[in-house]
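Report on the structure given below.
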Amino acid sequence: MNYDRRMTRQLMVGKVPVGGGAPISVQSMTTTKTDDVDGTLAQIYALAGAGADIVRVTCNTVEAAQGLAVMMPRSPVPLIADIHYQYKLALAAIEAGVSALRLNPGNIRKEEHIKVVAREALNAGIPIRIGVNAGSLDKDLLEKHGGPVPAALVESALLEAKYLNDVEFHDIKISVKHSNVPLMIESYRLLADTVDYPLHLGVTEAGPPPGGLIKSVAGISTLLSEGIGDTIRFSLTADPVEEAKAGRSLLEYLGLRERSSLDLIACPSCGRAEVDVIAVAEEANVRLGELGLPIQVAVMGCVVNGPGEAREADLGLAAGRGRGHLFIKGEVVRVVPEAEMVDALVEEALLLSEQGVEARIAAADVTAADLAEETRVELLSIQGDANRASERRAAVQRVAERDG
Ligand code: SF4
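Using my numbering, you'd call the opening residue of the sequence shown number 9 and step up by one each time.
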């Protein structure tokens with residue numbers, strides 16, 4: 009799917025371009041104490057490995073800023089210092105060499121403090137994210153608007169942007185996060201209509217999975233499908249590695265980033281299933297996931313519909329009559345006993361990544377496709393055609409041939 013991306017200014021968070029048509033980046037945030045340099049760096053490496061392009065780290069004490077100074081040269085990804093209440097810690101973070109700042113306009117409120125930070129960020133050549141959050145909105149704005157409504161969030165962001173612009177600071181990225189999904193969506197739409205700064209998307213305080221995942225996907229995907237959004241974060245109450253993985257996967261599933269790891273698709277199973285699809289899919293997911301190959305693999309419960317329905321998959325497995333039917337791009341290439349089918353799937357995935365689709369189809373067992381077809385026909389005769397396709401075809405034919 010092609011999304012017409014909203015054109016925004018571009019800025020650089022370290023080596024990562026944000027906005028202006030750059031790939032949408034995934035962000036996450038550490039949960040360690042920032043003065044624990046080794047623990048925080050270990051988490052940063054884990055987040056980068058899970059798909060985070062940029063990591064935010066809290067900078068809430070002088071020791072945290074000192075920790076950032078040590079981490080910056082060793083981090084695999086750019087680090088953003090998260091600043092609340094104490095503008096002087098923003099200055100300390102700049103001194104530490106961070107790639108960007110995040111300021112919360114709801115709790116650093118003095119205009120002169122914001123401008124001091126902006127001047128120093130300008131000198132250092134780093135961007136600032138204006139991170140508005142419905143839960144910590146300035147109380148004057150809450151009173152004026154009667155609550156954390158989209159207009160209040162956007163007004164908070166625009167006022168902060170004005171302070172920054174006053175000192176010629178323009179490398180700005182904005183977020184207007186809300187924990188209520190429809191209000192989050194409305195806030196970003198309103199903001200996108202008003203400014204051309206790149207936007208960082210997220211549903212704040214989304215909570216633990218699965219609810220937190222669903223809220224984040226609903227809010228972020230809606231906006232991405234409208235072309236809005238330049239970076240994203242899933243704010244989950246979970247190991248942050250999970251949020252980095254989820255963010256990365258969402259972009260891959262939407263076709264906004266290239267596949268970097270396994271995409272396992274599987275049928276939901278039904279009365280036709282010849283195998284425990286859930287158990288087989290779980291085992292395949294774990295074992296193929298360990299290989300780290302960027303391929304799409306299908307696990308289908310029956311050979312009646314499996315190879316056809318999953319013909320887009322690079323590789324697939326369909327069960328039937330005590331056997332596993334391996335297929336590549338919908339073509340059955342090998343038939344193995346059911347007990348060996350996951351082993352065979354893993355083996356074929358490795359061969360496929362080494363040799364490519366054409367070579368593996370050329371190396372197919374010539375009897376496999378016939379055996380799969382025999383099994384399919386056999387199963388249809390036992391179970392019947394659930395879709396009644398042949399019956400319907402005959403009925404359509406009769407209607408078409410009716411006189412007059
Ligand atoms: S592939 Fe077979 S078992 Fe799976 S849902 Fe479709 S018909 Fe049912």
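For every residue, glycine included, the Cβ atom is placed at its ideal position computed from N, Cα and C.
Quantities reported herein were computed from a predicted structural model and do not represent experimental measurements.
- When the five nearest sequence neighbours on each side are left out, the beta carbons in the same chain lying within less than 7 angstroms of the beta carbon of cysteine 310 are those of Arg280, Ala281, Glu282, Ala326, Ala327, Gly328, Leu387, in order along the chain.
- Proximity to the ligand SF4 was defined by a C-beta distance below 5 angstroms to any of its heavy atoms, and the residues meeting it, in sequence along the chain, are Cys275, Cys278, Arg280, Ala281, Met308, Gly309, Cys310, Asn313, Gly314.
- When only Cα atoms are considered, lysine 23 and proline 248 end up about 22 angstroms apart.
- With 16 or more other CB atoms across the displayed protein chains lying within 10 angstroms of its CB, aspartate 90 is buried.
- When C-beta atoms of the stretch 372-380 are compared with those of the stretch 341-357, three or more pairs fall below 8 angstroms, so the two segments count as touching.
- Here alanine 142 is near threonine 212, since their CB atoms are less than 8 angstroms apart.
- In the structure shown, arginine 14 adopts coil according to DSSP, grouped into three states.
- Listed in chain order, the non-local C-beta contacts of glutamine 51 below 6 angstroms within the same chain comprise Thr38, Thr40, local neighbours out to five positions each way being set aside.
- Note that the C-beta distance between leucine 272 and leucine 296 is below 8 angstroms.
- By the Cβ neighbour-count rule, arginine 384 is buried, with 16 or more other Cβ atoms within 10 Å of its own.
- Around arginine 368, the same chain offers Ile336, Val341, Glu356, Leu359, Leu360 as residues with beta carbons nearer than 8 angstroms, after the five sequence neighbours per side are excluded.
- Secondary structure note for arginine 197: its alpha helix (DSSP H) is the uninterrupted segment 189-202.
- Straight-line spacing of the CA atoms in arginine 117 and valine 21 works out to 24 angstroms.
- Using a C-beta cut-off of 8 angstroms, the stretch 198-209 makes contact with the stretch 228-242, since at least three inter-stretch Cβ pairs fall below that distance.
- Along the length of the stretch 127-176, whole alpha helix (DSSP H) runs at least 4 residues long occupy 147-153, 158-174, reported in chain order.
- In the DSSP assignment, glycine 332 falls within the beta strand (DSSP E) that extends over 331-336.
- If you check the CB distance, leucine 97 and alanine 129 do not come in under 8 angstroms.
- Here isoleucine 88 is actually not in contact with isoleucine 138; their C-beta atoms are around 12 angstroms apart, not less than 8 angstroms.
- One Cα belongs to isoleucine 193, the other to glycine 219, and the distance between them is close to 17 angstroms.
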